[in-house]
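Trainee: Quick note: the sequence shown uses this note's numbering, first residue 147, plus one each step.
Don't be surprised by glycine CBs; every beta carbon is placed ideally from N, CA and C.
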Amino acid sequence: MGSIVVLALKQLVSARGLAAVLGLGVVVAGTLLAAGPIYARSMADLGLTYTIQTELEGRSTSRVEFPAVPLQSTEGKALQETVERRIDERIGWFTAEIQRGTRLGRFAIRKDTESEAAKRAPPQGELAGFEGWRDHVTLLSGTFPERRTDTVIEAVLSQPSARASGVAVGDMLTMTQEFDNCERDLPPEGIPPPPPPCPITERVEFTFPVLITGIVEPADAQDPFWPGTASRYFLPYYLPIEGIGPTVVLLTGRDVLIEDFGSRFPNYRAYDTWSVRANPEQLTRTNFERARDDLIGLYDELEPYGAYAVSPLRDTLIRYGRSADYQQVPLLVLLLEITGIALFYIGLVATVLIERQSAEIGLLRGRGASIWQILFIYLVQGLVLGIPVLIFAPFLAGGATALLGLTPVFRDVTGGDMLPVTIVPSAFGAAAVGIALSMCALLLPAYITARRSVGALRRGLSRPEASFFQRYFLDLALAGAAVLLLVELRQRGSVFTPSSTGGVSSDPLLLASPALALLAAGALILRFYPLLLRFIAWSTRLVSGPSAALALVQVVRNAGQYTRLTLLLMMAVAVGTFAASYTATADRSYEDRANHEAGVDVRAFTRSNSQLNGTEPDQFEELAEALPGVTRASTVVRIQGGIAAPGTTINQFQILGVDPVAAAEMLTFREDLAERPVDRLMQSIESANTVAGHQLPAGTTSIAAFARTDTVLGGLTLRAGIVNARGDYALVELGDLDNLDTQWQEVRGDLKLVSILPIEPLTLVSLVVTGTSTRAGGPSLFLDDVSATGGDGRAVILENFDGAPAWSRFPSVAPVQDEFEMTTEQPRSGTTSARIGVRANVQDEVRGIYMSGFLTPLPVIVSESFLAASGATTGSTVLLRAGGVLVPTVVRATFELFPTTVSHDGPVVVFDRDRLLYWLDVGDPGYSLSTEPSEIWLSVAEGADLGPLEEALGRDPFRLDQFVSRQQALDAATRNPLIAASGSGILLAAFVAVMGLVAAALLTSLLAAVRRRRVEFAVVQAIGLTKRQLLAMLALEYAVVFAMGIGAGVVMGMFVSDQMLSFLDVTETGDRIEPSFILQTQWLIVGLGVGLVAAVFSAALWLASRSVGRGTEAAALRTE
147 MGSIVVLALK
157 QLVSARGLAA
167 VLGLGVVVAG
177 TLLAAGPIYA
187 RSMADLGLTY
197 TIQTELEGRS
207 TSRVEFPAVP
217 LQSTEGKALQ
227 ETVERRIDER
237 IGWFTAEIQR
247 GTRLGRFAIR
257 KDTESEAAKR
267 APPQGELAGF
277 EGWRDHVTLL
287 SGTFPERRTD
297 TVIEAVLSQP
307 SARASGVAVG
317 DMLTMTQEFD
327 NCERDLPPEG
337 IPPPPPPCPI
347 TERVEFTFPV
357 LITGIVEPAD
367 AQDPFWPGTA
377 SRYFLPYYLP
387 IEGIGPTVVL
397 LTGRDVLIED
407 FGSRFPNYRA
417 YDTWSVRANP
427 EQLTRTNFER
437 ARDDLIGLYD
447 ELEPYGAYAV
457 SPLRDTLIRY
467 GRSADYQQVP
477 LLVLLLEITG
487 IALFYIGLVA
497 TVLIERQSAE
507 IGLLRGRGAS
517 IWQILFIYLV
527 QGLVLGIPVL
537 IFAPFLAGGA
547 TALLGLTPVF
557 RDVTGGDMLP
567 VTIVPSAFGA
577 AAVGIALSMC
587 ALLLPAYITA
597 RRSVGALRRG
607 LSRPEASFFQ
617 RYFLDLALAG
627 AAVLLLVELR
637 QRGSVFTPSS
647 TGGVSSDPLL
657 LASPALALLA
667 AGALILRFYP
677 LLLRFIAWST
687 RLVSGPSAAL
697 ALVQVVRNAG
707 QYTRLTLLLM
717 MAVAVGTFAA
727 SYTATADRSY
737 EDRANHEAGV
747 DVRAFTRSNS
757 QLNGTEPDQF
767 EELAEALPGV
777 TRASTVVRIQ
787 GGIAAPGTTI
797 NQFQILGVDP
807 VAAAEMLTFR
817 EDLAERPVDR
827 LMQSIESANT
837 VAGHQLPAGT
847 TSIAAFARTD
857 TVLGGLTLRA
867 GIVNARGDYA
877 LVELGDLDNL
887 DTQWQEVRGD
897 LKLVSILPIE
907 PLTLVSLVVT
917 GTSTRAGGPS
927 LFLDDVSATG
937 GDGRAVILEN
947 FDGAPAWSRF
957 PSVAPVQDEF
967 EMTTEQPRSG
977 TTSARIGVRA
987 NVQDEVRGIY
997 MSGFLTPLPV
1007 IVSESFLAAS
1017 GATTGSTVLL
1027 RAGGVLVPTV
1037 VRATFELFPT
1047 TVSHDGPVVV
1057 FDRDRLLYWL
1067 DVGDPGYSLS
1077 TEPSEIWLSV
1087 AEGADLGPLE
1097 EALGRDPFRL
1107 DQFVSRQQAL
1117 DAATRNPLIA
1127 ASGSGILLAA
1137 FVAVMGLVAA
1147 ALLTSLLAAV
1157 RRRRVEFAVV
1167 QAIGLTKRQL
1177 LAMLALEYAV
1187 VFAMGIGAGV
1197 VMGMFVSDQM
1207 LSFLDVTETG
1217 DRIEPSFILQ
1227 TQWLIVGLGV
1237 GLVAAVFSAA
1247 LWLASRSVGR
1257 GTEAAALRTE
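And the structure:
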């Protein structure tokens, strides 16, 4: 045994160059696997700290509230001590600070001089005290309260509270609570008490004095110091209880309430709070579940005592637990795949090493050494390389992880400091696995070589045989399995799917599909690469020079070693492509999300999505554009609608009305989400602002028409629809149709009775029949010679219904509809009149005719989901119901997603806003509905402060309270930069390591080839090839490796990136994200890596040429 160990060490020393290259692979494999748990732990800890800091923003992470606890009685002290002990036992291990607060009940405020209103409804006061509260307020006047030796309590209050309660600095208040003999249950706060359940025979008052010493305001209105919100303590509030005034909070020291007030009234039941702030640095990936369980347990333990715990931190930890694996599993899987590249490198270098020692292995086998003894020799050599790696790999991985904090990708997270690192025990286990796999990669070629005789080895060098994997077509089976997985992955759309318990889950097999695809690609390259090279060599045999011909012959005859290099380069470039795509794709995805959610720089609307407040759209836009920083404003209609059908229409569609010109300029629209650019989309629905109709003469006082019928019309009225210059629509009643007969009669309406402003010009746009006919059989209404009487008293004929028809019948969903035609039957004048066939018993529809052309059908652009739901196609006419109105539309173009909409809310239909509003007025069947814009879109100047803008939009005349800005949406999407940084950091480090292995493998392969082929080089030089031609031959051989490896690597890298980055399409809760990500690759990074390898190879090629040139051909032929 000892002699074998000595022999193994001697062999290792004699081949120390190759052993060092082999050791590099072992170091990389062990370090990468050790880096997995270390990096995952570092990212998880950093992510947890960052999440707590950003989501809670300094607020108390937990708050314990204990209502009605005695202040200083034995029972009260015991209860308070119990709560404190429970807090310390459960969450004390990660607590940074506990702030105590006490609040007394509500007292009526009495003064010696008070108004009649205060006597009828006295203001109410709550005394509250907090530890350290003075550091969080600004004293406006007076002094801070101090402790006194008498029974007076000094307190301060805010300016709004002082005004509401009529209290001033220096006032002595009498705080009063009244009790009676009738016991009752106290209602919840803010609920009026019920009547007393028994007669009140006795009353008693509990009073104490309070002196107001000052006026204060919060130092910061958003200060998380105050439990709940600061407004709770600095603004008065009103309870819906008759006989009481506003309630205000009086602030004093907590020691005053506990020690002074509490010593006098120890059994008084107050409201105690413990506001707990956690230390995020104490919470890690390994203990956050304990913290979450302790927070839940604290609530359960306090409930029996009457106290309860509120913990935003608990919810944060629950969400973090759902998202941790979602963010880390893909990276860990990828690290395993990269480790596989390192193992492939070890196998490649081991093959070169064992080929050099094949003669020695044959000699040992010839002298009686067993296969197991040969394997033991290489096992010893592997352990000599691997044991130091096992010891130092976790520390090397930890150091590399810490240094990543200095890189630009982590600057926003670490502030330029190194990443915090914990060397977890599992890192040593992972390193041991890496060493073990490295041993397998070393022993496998040794075992194959040891099983063969010396003659077989020589024959294999000259004519390599097909591998076992290829002889039994296992490579094709692997490719088939990879194809099946990819088909399933394509059907699912992502490796991440919503989990039944919330969050997302991932199928491990699908998650490994990119790795299987890489293996399948490698197996297919091993099979078809030699055939491709053979074809290239044959097709270029007549045109290529001797260098090219010899290079291609060499590559074809000994394809194995070149194929292995090609595969290594392919996998390295694939990793580099993924690394170069990670951050760029994530950043683009976040930007696309923000652009899709906001659509424009700022969107503003009301919480109830009601109509904009009380102004016309044009006026609203003018007022908004006058605000500082606003460069353009446009109002938008957002309502619900659906396919029109008899009966009730389900509002299953989202309907938007936009100004096409403004939308084309303001919207940020990703072009791949529509069949044409946004400006052309908007042009397809844009229309002129002219109204189709007959313009009334100036000063029109009335409108008239001649009508007749072929039978009695019961319960119907004829009205004329007019529009003023501002676009307001109204109906002018011309007269009842009950008295019509077969003779022409005039019906006339007075414009003075119309509700709209007479802003001229006025335009006649419709003739509407209202009411319900009970006459069966479909009576006909005939109309002719519609006229208007101008201000000069002259009547002007507006429409005589001669010539080409300019009118259309209002749409209906009824299977049998009103008829409309031009008829020559008894016209009053001219050649034709209009006939409307009136159905009986029709309600909730507009009946009559309107001026067509401008109005209908309304052009729309729709989502692809609308086409699927309605069965329509581009160019189809679809009747919708929107805002209670039937709207005829024609589909002009489609899109996949439209900014500001969510697919979950249904298909989307986009109209020209003005055209839609006009039709919703004209086609309104109830003449009472009013659809107006409900939100406003704003473009703002670059760098404009959105805070003052939002404040201005919240005041009159806007009164908007909901805002979505592109920048805020982007900040929300990127609030955790670790999602992008964690992936790009480790991937770039792995890419550098793998490209280093590729460079070492190319260098080793080239130098080994020069040494092995000395005789070949001597022969070709002897037949006339120059050293330059020899160098060209070597360069061409490896240029083929470069071309095939880089090309295949880029293709596979794009595929791997597309699959592994699919986590960007789902949130940590499993919801789909819109829009889907677009793969972005920083090719400069890939190019730099490939360029570095090419530079190393060029240097190696130069060294190889010098090595060939040192000896003579005769010496090489004589000694080899």
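1. Under a Cβ-count criterion, where at least 16 other Cβ atoms within 10 Å of its own Cβ denotes burial, should V650 be classed as buried or exposed?
2. Give the C-beta separation of G1069 and L1032 to the nearest angstrom, bearing in mind that I take them to be a contact with Cβ-Cβ under 8 Å.
3. Using a Cβ-Cβ cutoff of less than 6 Å, which residues in the same chain neighbour P957 once the five nearest sequence positions on both sides are dropped?
4. Give the straight-line distance between the Cα atoms of L768 and L1043, rounded to the nearest whole angstrom.
5. Return the CA-CA distance between L429 and A190, expressed in angstroms with no decimal places.
6. Please specify which runs of the alpha helix (DSSP H), each continuous and at least 4 residues long, are wholly inside the region 1069 to 1113, giving them in chain order.
7. Could you check if T289 is buried or exposed, using at least 16 other CB atoms within 10 Å of its CB as the buried criterion?
8. Looking at G243: is its Cβ nearer than 7 Å to the Cβ of R423?
9. Can you confirm whether I361, when its beta carbon is compared against all beta carbons of chain B, has any partner nearer than 7 Å?
10. Using beta-carbon positions only, say whether R955 and F966 come within less than 7 Å of one another.
11. Leaving out five residues on either side along the sequence, give the residues of the same chain with a beta carbon under 6 Å from the beta carbon of V1054.
12. Would you call the CB atoms of V210 and A578 closer than 7 Å?
13. DSSP has S1222 in a bridge; who is on the other side?
14. Using the Cα positions of A1262 and A1164, report the straight-line distance between them to the nearest angstrom.
15. Hey, would you say A496 sits closer than 7 Å to L588, going by beta carbons?
16. In chain order, what residues of the same chain have a beta carbon less than 7 Å from the beta carbon of A1181, not counting five sequence neighbours either side?
17. On a CA-only basis, which of E811, A838, G839 is nearest R826? Give me that one, please.
18. Since W420 sits in a beta bridge, which residues does DSSP pair it with?
19. Quick check: the Cα distance between E1154 and G575, rounded to an integer number of angstroms?
20. In chain order, what residues of the same chain have a beta carbon less than 7 Å from the beta carbon of P183, not counting five sequence neighbours either side?
21. Starting from the Cα of P591, find the closest Cα among L536, I492, R511, D931 and give me that residue.
22. Straight-line CA distance for T729 to T723?
23. Assuming R778 contacts S1080 (C-beta within less than 8 Å), just tell me the rounded distance between them.
24. Along the alpha helix (DSSP H) that carries D930, what are the first and last residues, could you check?
25. Could you tell me if I346 is buried or exposed, where buried requires 16 or more neighbouring beta carbons within 10 angstroms of its beta carbon?
26. Give the single residue among L1171, G1235, L1177 whose Cα lies nearest to the Cα of A1145.
27. Three or more C-beta pairs closer than 8 Å, one from the region 882 to 890 and one from the region 852 to 865: is that the case here?
28. Just how far apart, CA to CA, sit T228 and E221?
29. Would a C-beta distance cut-off of 7 Å place I299 and V350 closer than the cut-off?
30. DSSP beta-bridge partners for Y593?
31. Check each candidate in A720, R400, G176 and name the one with the smallest Cα separation from A1194.
32. Work out the CA separation of A960 and G787 for me, nearest whole Å.
33. Assuming M1200 and L1225 make a contact with CB atoms under 8 Å, what is their CB distance in whole Å?
34. Rounding to the nearest angstrom, what Cα-Cα distance links A1098 and E1078 in this structure?
35. If we count the other Cβ atoms within 10 Å of its Cβ and call it buried at 16 or more, is N946 buried or exposed?
36. Can you give the Cα-Cα distance for R436 and F240, rounded to whole angstroms?
Mentor: In brief:
1. One-based indexing of the sequence shown puts residue 650 at position 504. Because V650 carries a pLDDT of 49, less than 50, the predicted location of this residue cannot be relied on, and no value is offered for it.
2. Within the sequence shown, the letter at position 923 stands for residue 1069. Within the sequence shown, the letter at position 886 stands for residue 1032. About 6 Å; that satisfies the 8 Å criterion.
3. Within the sequence shown, residue 957 is the residue found at index 811, counting from 1. Hits under 6 Å: L1025, L1032, P1034.
4. Counted from its first residue, the sequence shown places residue 768 at position 622. Counted from its first residue, the sequence shown places residue 1043 at position 897. The amino acid occupying residue 768 in the given sequence is Glu; Leu does not appear at that position. Cα-Cα distance, rounded: 30 Å.
5. On the sequence shown, position 283 is the one that residue 429 refers to. On the sequence shown, position 44 is the one that residue 190 refers to. Rounded to the nearest angstrom, the two C-alpha atoms are 10 Å apart.
6. Every alpha helix (DSSP H) of 4 residues or more that sits fully in the region 1069 to 1113 is shown, in chain order, as 1092 to 1100.
7. Reading the sequence shown from its first residue, position 143 is the one you call residue 289. Exposed: under 16 other Cβ atoms inside 10 Å.
8. Here residue 243 refers to the residue found at position 97 of the sequence shown. Here residue 423 refers to the residue found at position 277 of the sequence shown. Checking the sequence, you will find Glu at residue 243 rather than Gly. Their beta carbons are under 7 Å apart, which means E243 touches R423 by this criterion.
9. Included in the structure is just one protein chain, with no chain B present.
10. On the sequence shown, position 809 is the one that residue 955 refers to. On the sequence shown, position 820 is the one that residue 966 refers to. Contact flag set, yes.
11. Taking the first residue of the sequence shown as 1, we reach residue 1054 at position 908. Hits under 6 Å: Q800, S1009, F1044, T1047.
12. Stepping through the sequence shown from its first residue, residue 210 is reached at position 64. Stepping through the sequence shown from its first residue, residue 578 is reached at position 432. No, they are not a contact pair.
13. Your numbering for residue 1222 matches position 1076 in the sequence shown. Looking at the DSSP output, S1222 shares a beta bridge with no other residue.
14. Numbered from its first residue, the sequence shown carries residue 1262 at position 1116. Numbered from its first residue, the sequence shown carries residue 1164 at position 1018. With a pLDDT of only 48 at A1262, under 50, the local geometry of the prediction cannot be trusted, and no value is derived from it.
15. Against the sequence shown, residue 496 aligns to sequence position 350. Against the sequence shown, residue 588 aligns to sequence position 442. A contact, by the Cβ cut-off of 7 Å.
16. Sequence index remark: in the sequence shown, residue 1181 carries index 1035 (1-based). The answer, listed in chain order, is L1247.
17. Walking along the sequence shown from the start, residue 826 turns up at place 680. Ranking the options by Cα distance to R826, first place goes to E811.
18. As a working mapping, residue 420 is identified with position 274 in the sequence shown. For W420, which the question treats as bridged, DSSP gives the partners V210, R246.
19. The residue labelled residue 1154 in the question sits at position 1008 within the sequence shown. The residue labelled residue 575 in the question sits at position 429 within the sequence shown. For the record, residue 1154 in the displayed sequence is Ala; it is not Glu. So the two alpha carbons sit approximately 35 Å from each other.
20. Along the sequence shown, one-based indexing puts residue 183 at 37. Here the set comprises V570, S572, A573, A576.
21. Locating residue 591 in the sequence shown gives position 445, where the first residue counts as 1. Distances from the CA of P591 to each of L536, I492, R511, D931 were compared; the closest alpha carbon is that of I492.
22. As a working mapping, residue 729 is identified with position 583 in the sequence shown. As a working mapping, residue 723 is identified with position 577 in the sequence shown. In a straight line, the C-alpha of T729 is about 11 Å away from that of T723.
23. Taking the first residue of the sequence shown as 1, we reach residue 778 at position 632. Taking the first residue of the sequence shown as 1, we reach residue 1080 at position 934. R778 to S1080, Cβ: 19 Å. No contact.
24. Start at 1 with the first residue of the sequence shown, and residue 930 comes out as number 784. Counting along the chain, D930 falls outside any alpha helix (DSSP H), though it belongs to the beta strand (DSSP E) covering 926 to 935.
25. In the sequence shown, counting from the first residue as 1, residue 346 sits at position 200. I346 is exposed by the Cβ-count criterion.
26. As a first step, residue 1145 must be located in the sequence shown, where it is residue number 999. Taking only the C-alpha atoms, the option nearest A1145 is G1235.
27. Contact between the region 882 to 890 and the region 852 to 865 is present, because at least three Cβ pairs lie under 8 Å.
28. Within the sequence shown, numbered from 1, the residue matching residue 228 stands at position 82. Within the sequence shown, numbered from 1, the residue matching residue 221 stands at position 75. Taking the straight line from one Cα to the other gives about 11 Å.
29. Here residue 299 corresponds to residue number 153 of the sequence shown, with the count starting at 1. Here residue 350 corresponds to residue number 204 of the sequence shown, with the count starting at 1. No, the Cβ-Cβ distance between I299 and V350 is not below 7 Å.
30. The residue you call residue 593 lines up with position 447 of the sequence shown. BP columns for Y593 are empty, so no partner.
31. The residue labelled residue 1194 in the question sits at position 1048 within the sequence shown. Comparing Cα-Cα distances from A1194 to each of A720, R400, G176, the minimum goes to A720.
32. For this step, residue 787 is matched to residue 641 along the sequence shown. For this step, residue 960 is matched to residue 814 along the sequence shown. Cα to Cα, G787 sits roughly 18 Å from A960.
33. Numbered from its first residue, the sequence shown carries residue 1200 at position 1054. Numbered from its first residue, the sequence shown carries residue 1225 at position 1079. That belief holds up - the Cβ atoms of M1200 and L1225 are roughly 7 Å apart, short of 8 Å.
34. Locating residue 1098 in the sequence shown gives position 952, counting from the first residue. Locating residue 1078 in the sequence shown gives position 932, counting from the first residue. Between A1098 and E1078, the C-alpha separation is close to 22 Å.
35. Sequence index remark: in the sequence shown, residue 946 carries index 800 (1-based). Its Cβ being crowded by 16 or more others within 10 Å, N946 is buried.
36. As a first step, residue 436 must be located in the sequence shown, where it is residue number 290. As a first step, residue 240 must be located in the sequence shown, where it is residue number 94. C-alpha separation (whole angstroms): 11 Å.
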